[in-house]
Amino acid sequence: ETGVTQTPRHLVMGMTNKKSLKCEQHLGHNAMYWYKQSAKKPLELMFVYNFKEQTENNSVPSRFSPECPNSSHLFLHLHTLQPEDSALYLCASSQDHRLAVYNEQFFGPGTRLTVL
Amino acid sequence: GESVGLHLPTLSVQEGDNSIINCAYSNSASDYFIWYKQESGKGPQFIIDIRSNMDKRQGQRVTVLLNKTVKHLSLQIAATQPGDSAVYFCAETLNQGGKLIFGQGTELSVKP
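As given, the protein sequences belong to chains A and B, one line each in that order. Note that our numbering numbers the first sequence so that position 49 is 49, with each residue one more than the last. For our numbering, count along the second sequence from 1 and bump the result up by 116.
Here it is in structure tokens:
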């Protein structure tokens, strides 16, 4: 596989469920990102990891728990979510989180999450 | 066809026409800007970027214009094709350690 892959592509869960989203990048990048994309709202950055270390938590509620075991894999653990958490969750990777120019972020296809 | 700011979420153009998608950015200190294309069922894809020391940059069929005076960014697509149908959004950032701040997006629909 190439690029950034995400699984599952679709997820429906109840508010009391625990589930996890998985992201894998095959680009040799060092930085990985979680974004939330809600209908008719701009992409919102949630978390940034660089070399497995979290460098950014954009005031995300604790019911979202990220995990980055290595530079190629990123997880988002979900617990007791609310219906308003329903959105497309996008993962991205880049070579370096500190610079933007010549440091294009490559996005995965996203996981469409529905919380009932 | 032309979109106006972030408050017109859709733009419909005839195949072969030129499209202009506009974006008003928020931070006058932003020094790097990117346009993304997001097709249905896919993640955003980089189209073209521009640094704040430039006011125009051209790619293949796309041109980005930057007006720092009024904090305005536009994406021009020449000879729009059905494959250009997607949501387009701009992002701004500070090159040094800045987070990408995304605009709302404009949905471009190309009529054959």
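Heads up, the beta-carbon is just placed ideally off N, CA and C, and yes, glycines get one too. Keep in mind the model is a prediction, meaning the values are calculated, not measured.
Assuming contact is defined by CB atoms lying nearer than 9 Å, are residue i and residue j in contact in what I supplied?
i, j, result
"B:Tyr204", "B:Ile150", "no"
"A:Lys22", "A:His73", "yes"
"A:His97", "A:Ser20", "no"
"A:Tyr33", "A:Tyr49", "yes"
"A:Phe75", "A:Asn58", "no"
"B:Gly159", "A:Ala39", "no"
"B:Leu191", "B:Val178", "yes"
"B:Lys172", "B:Leu181", "yes"
Who are the Cβ neighbours of residue i in its own chain at under 6 Å, not counting the five residues just before and after it?
i, result
"A:Leu88", "Gln37, Gly110 and Arg112"
"B:Lys227", "Gln130"
"A:Ser65", "His77"
"A:Lys18", "His79"
"B:Cys68", "Because chain B is modelled from 117 through 228, residue 68 of chain B falls outside the range shown and cannot be assessed."
If I measure Cβ to Cβ from residue i and keep anything under 7 Å in the same chain, skipping five residues before and after, which residues do I get?
i, result
"A:Gln82", "Met15 and Val115"
"B:Asp147", "Arg167, Ser168, Leu210 and Asn211"
"B:Met170", "Leu182"
For a contact meaning CB atoms closer than 7 Å, what does residue i contact in chain B?
i, result
"A:Gly108", "Gly159"
"A:Glu104", "Phe162"
"A:Leu43", "Phe218"
What residues from chain A crowd round residue i, counting only those whose CB sits closer than 7 Å?
i, result
"B:Tyr148", "Ala100 and Val101"
Can you pull the chain A neighbours of residue i, defined as C-beta to C-beta under 9 Å?
i, result
"B:Arg167", "Val101"
How would you list, in chain order, the residues of chain B whose beta-carbon sits under 8 Å from the beta-carbon of residue i?
i, result
"A:Leu90", "Gly159 and Pro160"
Could you name the residues of the same chain whose beta carbon sits closer than 8 Å to that of residue i, not counting the 5 residues immediately before and after it, in chain order?
i, result
"B:Ala145", "Leu210"
"A:Gly3", "Gln25, His26, Leu27, Phe106 and Gly108"
"B:Ala202", "Lys153, Gln154, Glu155, Ser156, Glu223 and Leu224"
**Residue ranges of each beta strand (DSSP E) within the segment 31–94 of chain A, 3 or longer** = 31–37, 44–50, 53–57, 64–70, 73–79 and 87–94
**Message:** Under 9 Å, CB to CB, which of the residues in the segment 201–228 of chain B have a partner in chain A?
**Reply:** Phe205, Ala207, Thr209, Leu210, Asn211, Gln212, Gly213, Gly214, Lys215, Leu216, Ile217, Phe218, Gly219, Gln220 and Gly221
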